[in-house]
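2 protein chains.
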Amino acid sequence: MDFQLNCPIPISQYPVITMAHGSGGLLSHQLIDKMFRPLFDNRLLDEGHDGAVIEFATGRIAFTTDSFVVNPIFFPGGNIGNLAVNGTVNDLACCGARPMYLSVGMILEEGLPVEDLWKICLSMQDAARKAGVIIVTGDTKVVEKGHGDKIYINTSGIGVIPEGVNINPSSPREGDVIIINGQIGDHGVAILSAREGLGFETGITSDTTALNGLVEQILKETIEISVLRDPTRGGVATTLNEISTSAGAGIVLEENSLPVSPEVRGACEVLGLDPLYIANEGKILVIVPADLAGNVLNTMKQHPAGADSAIIGRVTSEHPGIVRMITSIGSSRVIDMLTGDQLPRIC
Amino acid sequence: MDFQLNCPIPISQYPVITMAHGSGGLLSHQLIDKMFRPLFDNRLLDEGHDGAVIEFATGRIAFTTDSFVVNPIFFPGGNIGNLAVNGTVNDLACCGARPMYLSVGMILEEGLPVEDLWKICLSMQDAARKAGVIIVTGDTKVVEKGHGDKIYINTSGIGVIPEGVNINPSSPREGDVIIINGQIGDHGVAILSAREGLGFETGITSDTTALNGLVEQILKETIEISVLRDPTRGGVATTLNEISTSAGAGIVLEENSLPVSPEVRGACEVLGLDPLYIANEGKILVIVPADLAGNVLNTMKQHPAGADSAIIGRVTSEHPGIVRMITSIGSSRVIDMLTGDQLPRIC
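These protein sequence lines are chains A and B, in that order. If you're matching positions, the first sequence starts at 0 in numbering that gives the first Met the number 0 and goes up one per residue. If you're matching positions, the second sequence starts at 0 in numbering that gives the first Met the number 0 and goes up one per residue.
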């Protein structure tokens, strides 16, 4: 696709974002009316209103927000645009909700090529379509060169929680089984590799994807799910520590069961990183009562986003609040929460 | 108040924000658990979830988002924190909604004094209480020094629209009367003055305030409101141009009726600015059928946020899509939409 040719704002005339694109004046309106509105067109997209008006039936909704500052903004397997859509879709799905409506708040740095913005918006449109959500309201600000980093995107989202579904991070019980939907560490290593020019790119791409379809299938199988969580920043280790703390329960991981691709394992060895702490953007931890684990695992494996699903551990009443891992040589070690900034600007 | 003393994070130990505060690890959790959670405590604040779960009765909600990049982050009359809360509260109110739930997404620059973050969060807490909204979910990212500007805040919000209320930007009809709730230009001039060290500060403070209480009173008087809009970026001139365009109607403004304080008028003369194009953060344009204008004006004047309310113009079927102003000397001129970037980073 010739992005320059297709861009609805003439790139020869307006090659880069200027401060005036954020002033609320004519150039702001050009962005909104020529680029954003046609791309994200839907019945609810606010018609010159300060917000979108949405009809709801009685029930529960989930509401979430996430800002994305990933660097670089384009990386193997995705860009900040589809990452921002998928990230908020996944946060809603992890609440047990069916994601429906997104808002998009952009902070553009003066000098951002309009063509880059166009590519990012196209991939947001594509990601929203794939996830079955609509972008109903938005906001754009511009900051001076040197006070941003090309583009930051906030996506907030609303989803509807089906009756009976009640996902609660403090609910895991002894014996519950922990399932993950595939290999860990891909996103973080892909970003790091692209940012530092490490050359791992050919083999490793971000796993960014929407997980609401997978969650829908799981909830069709059973609504007796203890926890759904996407292990993004801080990776599986940090997310399991959070769950362990809020549930007041211990967690035991089996190192041998952790799905890690040979490429990510190799890259982590070279870089001195632990895949357990590396961010994922298309992974979900599903904690279920043991008697349901087999069926849930099978359901997950049948979904494209869960083909490599595996049981990786269980909940225990021993060592409450602590995550331990049985290593491949049979010893056991504590898996702490991430303490430093292993990988900044990963999402 | 001794902010250093009261800050829940020991400032002597952690004087500034570091990249590790955004990693999702221990320092991220310290920020969340010691500062954000206690300040924004409420039943719905997501309990380790990826989002908040909210119960709704059947009806319509408004959903909106806004990113705030104001520079400086502290200014006469407010700071980026209460500005961000009030801004989204007002966008919801302008949809005719009762603002209820906010999300907060922060992008912190490495090196931001923790004390500044604490002051900003305190003023967000205060603004949320005054507006009667609760902050139910949030997200924090940190970017390297030189890739942000101290702090950017996204607030998204949800409000409930009372039955029968139907505010529609395309609905103004010939003869409708335009009311504003007070003097224009204060916010923009206060920011500019603080940023450029122009010394106007003593007389001019930002008008940032929540307008939902005022809107509630107006809607008690009548739900026959054509338009509610807060003239922020681009000022009254740009907002009226937007309304004029979407309604396909003309607008006539009376220069003599425009409330402008002597201080703002003086500052604008010195700086070569037009108050009509300057951002407000506590003003609202109310467009109502002529026969209701008197009662609405009286209602507005009785509210603290509307004491200086005035009728400033009307809707006409002449010159559709165009805003004209009858000047103080009786001539008439076209008021265009803002074209450049008169005042960047104003909100």
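All C-beta atoms in this analysis are idealised placements derived from N, C-alpha and C, irrespective of residue type, glycine included.
Per DSSP, Glu54/A forms a beta bridge with which residues?
-> Working through the first sequence from its first residue, we reach residue 54/A at position 55. For Glu54/A, the beta-bridge partners assigned by DSSP are Arg59/B.
Answer yes if the stretch 60-69 of chain B comes into contact with the stretch 152-162 of chain B, meaning at least three C-beta pairs across the two stretches below 8 Å, and no otherwise.
-> yes
Can you give the Cα-Cα distance for Arg344/B and Val141/A, rounded to whole angstroms?
-> Numbered from its first residue, the second sequence carries residue 344/B at position 345. Numbered from its first residue, the first sequence carries residue 141/A at position 142. Straight-line Cα distance between these residues: approximately 7 Å.
Does Gly281/B get closer than 9 Å to chain A when you measure Cβ to Cβ?
-> Position 282 of the second sequence, counted from the first residue, corresponds to residue 281/B. Under the 9 Å criterion on CB atoms, Gly281/B is classed as non-interfacial with respect to chain A.
Check whether the Cβ atoms of Ile179/A and Ile224/A lie closer than 9 Å to each other.
-> Start at 1 with the first residue of the first sequence, and residue 179/A comes out as number 180. Start at 1 with the first residue of the first sequence, and residue 224/A comes out as number 225. Taking 9 Å as the Cβ cut-off, Ile179/A and Ile224/A do not qualify as a contacting pair.
Which residues in the same chain as Gln29/B place their Cβ atom closer than 7 Å to its Cβ, once the five residues preceding and following it in sequence are excluded?
-> For the purposes of this step, residue 29/B is taken as the residue at position 30 of the second sequence. So the list reads Ile8, once near-sequence residues are dropped.
Tell whether a beta-carbon distance below 9 Å holds between Asn211/B and Ala130/B.
-> Here residue 211/B refers to the residue found at position 212 of the second sequence. Here residue 130/B refers to the residue found at position 131 of the second sequence. For Asn211/B and Ala130/B, yes; Cβs fall inside 9 Å.
Closer than 7 Å, Cβ to any Cβ of chain B: which residues of the stretch 31-58 of chain A, in chain order?
-> Glu46, Gly47, His48, Asp49, Gly50, Ala51, Val52, Ile53, Glu54, Phe55, Ala56, Thr57, Gly58
Residues in the stretch 70-83 of chain A having any Cβ partner in chain B nearer than 7 Å = none
What are the partner residues of Met324/B, as DSSP defines its beta bridges?
-> For the purposes of this step, residue 324/B is taken as the residue at position 325 of the second sequence. Leu252/B, Arg332/B, per the DSSP bridge assignment.
Measure how close the beta-carbons of Thr208/B and Gly281/B come, nearest whole angstrom, since I'm counting them as under 8 Å.
-> The count along the second sequence starts at 1 and reaches residue 208/B at position 209. The count along the second sequence starts at 1 and reaches residue 281/B at position 282. Contact between Thr208/B and Gly281/B holds, since their C-beta atoms are separated by about 4 Å, short of 8 Å.
Is it true that the stretch 279-296 of chain B meets the stretch 213-228 of chain B, where meeting means three or more beta-carbon pairs spaced less than 8 Å apart?
-> Short answer: they touch.
Buried or exposed by the 16-neighbour rule on C-beta atoms within 10 Å, applied to Ala56/A = As a first step, residue 56/A must be located in the first sequence, where it is residue number 57. Looking at its Cβ environment, which holds fewer than 16 other Cβ atoms inside 10 Å, Ala56/A is exposed.
Which one of Leu270/A, Val68/A, Lys149/A, Arg97/A has the shortest CA to CA distance from Glu109/A?
-> What you label residue 109/A is simply residue 110 of the first sequence in a count that begins at 1. Closest by alpha carbon: Lys149/A.
What is the DSSP secondary structure of Glu223/A, reduced to helix, strand or coil?
-> For the purposes of this step, residue 223/A is taken as the residue at position 224 of the first sequence. Note: Glu223/A maps to coil in three-state DSSP.
Output, in chain order, the set of chain B residues within a Cβ distance shorter than 8 Å of Gly104/A.
-> Taking the first sequence and counting its residues from 1, the one referred to as residue 104/A is at position 105. Those are Thr64, Asp65, Ser66, Gly104, Asn153, Ser155, listed as they occur along chain B.
Start and end residues, beta strand (DSSP E) containing Leu284/B | Residue mapping note: residue 284/B aligns to position 285 of the second sequence, counting from 1. That run of the beta strand (DSSP E) goes 284-287.
Bridge partners - Asp138/A, DSSP secondary structure assignment = As a position in the first sequence, residue 138/A is number 139, starting the count at 1. In DSSP, Asp138/A forms a bridge with Gly104/A.
What is the residue span of the beta strand (DSSP E) that Gly158/A lies within?
-> As a first step, residue 158/A is located in the first sequence; it is residue number 159 there, counting from the start. Note, Gly158/A: beta strand (DSSP E), 150-160.
Output yes if chain A places a C-beta closer than 9 Å to the C-beta of His146/B; else output no.
-> Within the second sequence, numbered from 1, the residue matching residue 146/B stands at position 147. Using beta-carbon distances, His146/B counts as an interface residue toward chain A, with a partner under 9 Å.
Under 9 Å between the Cβ atoms of Leu101/B and Gly234/B?
-> Taking the first residue of the second sequence as 1, we reach residue 101/B at position 102. Taking the first residue of the second sequence as 1, we reach residue 234/B at position 235. Not closer than 9 Å, so no.
Indicate the three-state DSSP secondary structure (helix, strand or coil) for Pro171/A in the structure shown.
-> Your numbering for residue 171/A matches position 172 in the first sequence. Coil.
The stretch 211-220 of chain A / the stretch 85-95 of chain A touching (three or more Cβ pairs under 8 Å) | yes
Is Asp65/A helix, strand or coil by DSSP?
-> As a first step, residue 65/A is located in the first sequence; it is residue number 66 there, counting from the start. Three-state DSSP puts Asp65/A in a strand.
Going by other Cβ atoms of all chains shown within 10 Å of its Cβ, with 16 needed for buried, is Asn85/A buried or exposed?
-> The residue given as residue 85/A occupies position 86 in the first sequence. Buried is the call here.
Using a threshold of 9 Å, state whether the C-beta atoms of Thr221/B and Val295/B are closer than that.
-> The residue you call residue 221/B lines up with position 222 of the second sequence. The residue you call residue 295/B lines up with position 296 of the second sequence. Yes, the pair counts as a contact, with Cβ atoms nearer than the cut-off.
Report the three-state DSSP secondary structure of Asn240/B (helix, strand or coil).
-> Taking the first residue of the second sequence as 1, we reach residue 240/B at position 241. The three-state reading of DSSP puts Asn240/B in helix, counting H, G and I together.
When you compare each of Thr244/B, Glu114/B, His20/B to Pro171/B by their alpha carbons, which one comes out closest?
-> Looking up residue 171/B in the second sequence gives position 172. Looking at the Cα atoms, Thr244/B is the closest of the given residues.
Under 9 Å between C-beta atoms, does His28/A make it to chain B?
-> On the first sequence, residue 28/A is found 29 positions in, with the first residue counted as 1. Closer than 9 Å: yes.
Using three-state DSSP, classify Ile178/A as helix, strand or coil.
-> Here residue 178/A refers to the residue found at position 179 when the first sequence is read from its first residue. Ile178/A falls in the strand class under three-state DSSP.
Please list the partners that Leu208/A has in chain B, where partner means a Cβ-to-Cβ separation under 8 Å.
-> Along the first sequence, one-based indexing puts residue 208/A at 209. The question names Leu, yet the displayed sequence has Thr at residue 208/A. Result: empty, since nearest Cβ-Cβ is about 16 Å, beyond 8 Å.
Which chain B residues sit within Cβ distance under 9 Å of Val333/A?
-> By 1-based counting over the first sequence, the position of residue 333/A is 334. Within 9 Å Cβ-Cβ: nothing; Val333/A doesn't reach chain B, min ~14 Å.
Residue range of the unbroken beta strand (DSSP E) whose run includes Thr87/A = Residue mapping note: residue 87/A aligns to position 88 of the first sequence, counting from 1. No beta strand (DSSP E) contains Thr87/A, which is instead part of the alpha helix (DSSP H) from 79-93.
Are Gly187/B and Leu272/B close, meaning C-beta to C-beta below 9 Å?
-> Position 188 of the second sequence holds residue 187/B. Position 273 of the second sequence holds residue 272/B. Yes, Cβ-Cβ distance for Gly187/B and Leu272/B is below 9 Å.
Which residue comes first and which comes last in the beta strand (DSSP E) that contains Gly21/B?
-> Against the second sequence, residue 21/B aligns to sequence position 22. Unbroken run through Gly21/B: none, as it is neither H nor E.
Contact under 9 Å by Cβ, Thr139/B with Met105/B | Your numbering for residue 139/B matches position 140 in the second sequence. Your numbering for residue 105/B matches position 106 in the second sequence. The answer is yes: Cβ separation under 9 Å.
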